[in-house]
Structures are given as C-alpha cells and as structure tokens.
DNA sequence: GACTATACGGAACTAGCGTTCCGTTTGTCA
DNA sequence: TGACAAACGGAACGCTAGTTCCGTATAGTC
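Chains as they are written, first to last, in our numbering: chain P, 1 to 209; chain V, 1001 to 1209.
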C-alpha cells in the first residue's frame, strides 16, 4: 500500500485531463481504485524484476490496460518515481525518529542495517540510487538529497560521540551499503556485509593501519 | 590489446565458416587484424559505456561494419565474454603471483585494492560480476569461479596469519569491493571505500561489538 | 594475371518496449 | 433514467538495438 506523497484522490498526474484547470479535480471512484492498484502492482513488479520490467507487466498485474497506467502516470519514469520517492521518504522519517536516540553510534548502525535491509529487499531502491548518482535531473533527486542530509546528521552525531572514525563521508557510507546489498545474495549474507561495513567505519582497528 | 584466451589467429568464433571442419583454419591476415581491432574497440566501448552500448558503436570505433563484428563473434554476449574473460584471467594471475608473498594480510589488502581499481575503472567488469551472480550459464562463470578460488586462497592465508577475522567469506569480500566501486564515484572515493572494507574485515575493533 | 575461398559492409529484418490514439464503457449528477 | 464528462482498453505506432543476408571486395595461391 502506497500513499500519495501529497493529498489523496487527486488527479495529480493526469496530463490527459482538460489542462491545468482540471488538475485538482477529485478522481472518480473507479479511477482512484485503479490508481491505487497500479501503484501496488508497480511496486511488486519493480521489486521483483527491477526497473527494466515492462509497463505491460505492471498493467497486467494491476488488471488494467496500459492506457490506464498512462492516464495516471504520464511516463514510466513518473510511475517509478512515485514509488521510490515514497520509500525514500519513509527512510527519511526513520532517520528523524532515530536522531533523538541516546547512543549515536548504535543509532547510526541500526539505521544502516535497516537501510541495507530495504536495499536488499527492493531492487528498485538500488536502481534509484544508481540513477541518482548518474543524473540529478530526476525528481527522486530531492528525496535522495533529503535522505542524505538525514544520514549525514546521524553520522555527524556518531562521529562526535567517537563511535565512528572522522574520515568517512556520508556518500561513501550510502554507496557502501547499497553496493553491498546490490549483488542479490541471501538476506543473511547482506546482513553480514552490512556488519563488515559498520566495522569498517568504526574507530581504528587493533591491527596496524 | 587483448590476447585470445586460446591459441592465436584461429577462427574460433566464426560460425559462418563452413561448419566445424573449418573451425581451426588460420585466419586471413586482414581478418586477424580486424578481429584484434574489434576486441580493442569493444573493450574501450564497454569500459566507457557499459555493456548496454550498442554493437554499432563497437563496429564504428573499430572502423568495420556490424557484419564483420558478427563474423568474428556470433553474439554480442560472446564478444563481451571474450573481453571480460581476459580481464578476469589477468586478475587470477595476480592472485597466483601474490600468493607467494610473505605478509598474507598485506598481500590480501593490496590485491583487494587492485581489484577495486579495476572494478572502478572498467564498468564492464562490474557488469560481469553482476551477471555471474544472476545466471551461471555464462561462459564467464568459469573465470569467475577460478578468480574466486584465487581470492579464497589469499583470504585463508590472511586468516591463518590472524590479519583478518575468521567469519568473512570470499563471496562477501568480492561483493563488497565490486559493490563499493560500482557507484561511479571519483577514483579517490573508491579507494577510500575499499579501505573501509579492508578495515571491516580486519581483526576486531576497539569499539564494543 | 586469374581464380576462388574467405572476408567485408551495411541495408534490412526482427523483437521488445515506451507511448499515443480513439472507439467504447461507466460513474455521477440532475 | 438519461446525458455527459471521465475513464478505460488495447491495437497501433515509432524507436532502439541485436542479428541476418547477400552482393561486393580481396588475400592467398597457382
């Protein structure tokens, strides 16, 4: 179940409606239901097959025609963004909730575990991060930026508490976690890799550097 | 310059020649030169643009027609494999050379640095590892397996010397390095990420675990 | 120099996928 | 219940990229 980023039951993406004047007209009941179905089907499809899955597959899973998909989302990219933005925003919320925690080191590490869990379960998240690194023009960029700021806060606090070495950057940590969880391995293996990364960014090791 | 994995100047891939009987006939001089050109162009193209670069781009860079490319390599995949196999085999050779080294810990880490350097410079290598994780039927799989065994040896020695914790697996290390270097960042950032991974697999940290 | 197997070039074919178009259906409201 | 705007379905279009085909060119040989 995916919530609209903005208000509900509003034909935000319907570019085929009568221009800008109709932009805020409420959706008809069947249209609202279909929009929801499409979002759910798209999430399931992209999660399972990655962003390269064809729109037809999404439409079929949602039980609608492709035309209906395009009525709600003007391009495939727009559909993708609607999903990923939601997911990124949820992760953002998690950083804000965690930021209040008392042990900044453990706060950071448990967030990174959650981040890894999501990146490994949802192929599309990885794809989104990937795309964000390549071209910034995507609408997801705003959400990625906000998430980056959220993680940055957790990281700075952990550094201040001495739980993490000073010389790691937020982008590096994000790239490491996402990269680790990209090679579709067992969830267990992903968890272990995340732990290795966490250990890597802790304070100095016993071994000679 | 890419060497053929097997013998030289042999029409190994020319499926359009007169069947199996002609399989080992020496290539004509111009054909041998073109084959070499195609391999070089393909390496440059895939390195720069990833595996999704069209065959036309390779042909154009090589200064030949697409038909000529297909005369030498029956599919795009075959061309890709010819290149990646060569690169993987070189990395394998590196593991064997390093295996003789005296400080197993440093041996492993310097190999991982080299591995990361290659993965970050050559997008195609990443793609190859990616594909290998998904479907094993590819011919690259043999080379990936051999490389895995080579790294496994280095890792076991490093463990035996106490330079690396016992609970990391070869596949994890490989996935971490490749993953870290995938998100096309600066070379410098990649190096830093590799160092973080190296630290992560060293012995226990000073921080509480 | 002539002959032939080998190799070449690139137009044409094929397949997949994003997107559009338009005739048909349906929810909503008077 | 009838009218109409809103929404639907899916065939059709256009583009990209992999692969094939065949007429032409040429290296190698006698």
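From the three backbone atoms N, C-alpha and C, an ideal C-beta is built for every residue, glycine too. Here the structure is a predicted model, which means the values were calculated and not measured.
Quiz item: Could you give the distance in angstroms between the alpha-carbon of residue 1046(V) and the alpha-carbon of residue 1070(V)?
Solution: For the purposes of this step, residue 1046(V) is identified with residue 46 of the second chain, where counting begins at 1. For the purposes of this step, residue 1070(V) is identified with residue 70 of the second chain, where counting begins at 1. For residue 1046(V) and residue 1070(V), the distance between alpha carbons rounds to 17 Å.
Quiz item: What does a CB cutoff of less than 6 Å around residue 191(P) pick up in its chain, not counting 5 residues either side in sequence?
Solution: Translated into positions along the first chain, residue 191(P) becomes position 191. No residues qualify anywhere along the chain.
Quiz item: When the cut-off is 8 Å and only beta carbons count, does residue 183(P) lie next to chain V?
Solution: In the first chain, the residue the question calls residue 183(P) occupies position 183. Residue 183(P) counts as touching chain V.
Exercise. With 8 Å as the threshold, decide whether the Cβ of residue 84(P) is near any Cβ in chain V.
Key: Looking up residue 84(P) in the first chain gives position 84. No, residue 84(P) does not count as interfacial toward chain V.
Quiz item: Secondary structure at residue 275(P), three-state DSSP: helix, strand or coil?
Solution: Chain P is shown only over 1 to 209; residue 275(P) falls outside these bounds and no answer can be derived.
Exercise. Decide if residue 66(P) is buried, meaning its Cβ has at least 16 other Cβ atoms within 10 Å, or exposed.
Key: If you number the first chain from 1, residue 66(P) lands on position 66. That one is exposed.
Quiz item: If you draw a straight line from the alpha carbon of residue 1087(V) to that of residue 1195(V), how long is it in whole angstroms?
Solution: Residue numbering aside, residue 1087(V) sits at position 87 when the second chain is read from its first letter. Residue numbering aside, residue 1195(V) sits at position 195 when the second chain is read from its first letter. Each residue's Cα considered, the two are about 23 Å apart.
Exercise. Look at the alpha carbon of residue 1050(V) and the alpha carbon of residue 25(P), and state the distance between them as a whole number of angstroms.
Key: The residue given as residue 1050(V) occupies position 50 in the second chain. The residue given as residue 25(P) occupies position 25 in the first chain. Roughly 45 Å separates the two Cα atoms.
Exercise. Say whether chain V places a C-beta atom closer than 8 Å to the C-beta of residue 199(P).
Key: Stepping through the first chain from its first residue, residue 199(P) is reached at position 199. Output row for residue 199(P): interface = yes.
Quiz item: Whose CA, out of 171(P), 90(P), 188(P) and 181(P), lies closest to the CA of residue 120(P)?
Solution: In the first chain, the residue the question calls residue 120(P) occupies position 120. Selected option, being the one with the closest Cα: 181(P).
Exercise. May I ask you to list, following chain order, the residues of the region 1139-1155 of chain V that have a beta carbon less than 9 Å from some beta carbon of chain P?
Key: none
Quiz item: residue 176(P) versus chain V: which residues are under 7 Å apart at the beta carbon?
Solution: The residue labelled residue 176(P) in the question sits at position 176 within the first chain. Those within 7 Å of residue 176(P) in chain V are 1180, 1193 and 1196.
Quiz prompt | Coarse secondary structure for residue 1104(V), derived from DSSP in three states | solution = The residue given as residue 1104(V) occupies position 104 in the second chain. Collapsing the DSSP output to three states places residue 1104(V) in a helix.
Quiz item: Would you call residue 1102(V) buried or exposed, if buried means 16 or more other Cβ atoms sit within 10 Å of its Cβ?
Solution: Your numbering for residue 1102(V) matches position 102 in the second chain. When all chains shown are included, residue 1102(V) counts as exposed.
Quiz item: Would a C-beta distance cut-off of 8 Å place residue 1042(V) and residue 1058(V) closer than the cut-off?
Solution: Here residue 1042(V) refers to the residue found at position 42 of the second chain. Here residue 1058(V) refers to the residue found at position 58 of the second chain. Yes. Within cutoff.
Quiz item: Comparing the C-beta of residue 1172(V) with each C-beta of chain P, is any distance below 8 Å?
Solution: Here the question's residue 1172(V) lines up with position 172 in the second chain. Yes, residue 1172(V) lies at the interface with chain P (some Cβ there is under 8 Å from its Cβ).
Quiz item: From the beta carbon of residue 189(P), is the nearest beta carbon of chain V less than 8 Å away?
Solution: Counted from its first residue, the first chain places residue 189(P) at position 189. Yes, residue 189(P) lies at the interface with chain V (some Cβ there is under 8 Å from its Cβ).
Quiz prompt | DSSP-derived helix/strand/coil call for residue 1046(V) | solution = For the purposes of this step, residue 1046(V) is identified with residue 46 of the second chain, where counting begins at 1. In the three-state reduction of the DSSP assignment, residue 1046(V) falls in the helix class.
Quiz item: Would residue 193(P) pass as a contact of residue 1175(V) if the rule is Cβ separation under 8 Å?
Solution: The count along the first chain starts at 1 and reaches residue 193(P) at position 193. The count along the second chain starts at 1 and reaches residue 1175(V) at position 175. The answer is yes: Cβ separation under 8 Å.
Practice problem: Residues of the region 156-168 of chain P with a CB closer than 7 Å to any CB of chain V: list them in chain order, please. | Solution: So the close ones are 163 and 168.
Practice problem: Spell out a yes or no on whether the region 147-165 of chain P and the region 1152-1171 of chain V are touching, meaning 3 or more CB-CB pairs, one atom from each, closer than 8 Å. | Solution: no
Practice problem: Could you have a look at residue 143(P) and say whether DSSP puts it in helix, strand or coil? | Solution: For the purposes of this step, residue 143(P) is taken as residue 143 along the first chain, with counting starting at 1. Residue 143(P) falls in the helix class under three-state DSSP.
Quiz item: Would a C-beta distance cut-off of 8 Å place residue 1177(V) and residue 1105(V) closer than the cut-off?
Solution: Residue numbering aside, residue 1177(V) sits at position 177 when the second chain is read from its first letter. Residue numbering aside, residue 1105(V) sits at position 105 when the second chain is read from its first letter. Contact flag unset, no.
Quiz item: Looking at the structure shown, is residue 1076(V) part of a helix, part of a strand, or coil, going by DSSP?
Solution: By one-based count along the second chain, residue 1076(V) stands at place 76. In the structure shown, residue 1076(V) sits in a helix (DSSP, three-state: H, G or I).
Quiz item: Any idea what DSSP makes of residue 1202(V), helix, strand or coil?
Solution: The residue given as residue 1202(V) occupies position 202 in the second chain. Three-state result, residue 1202(V): coil.
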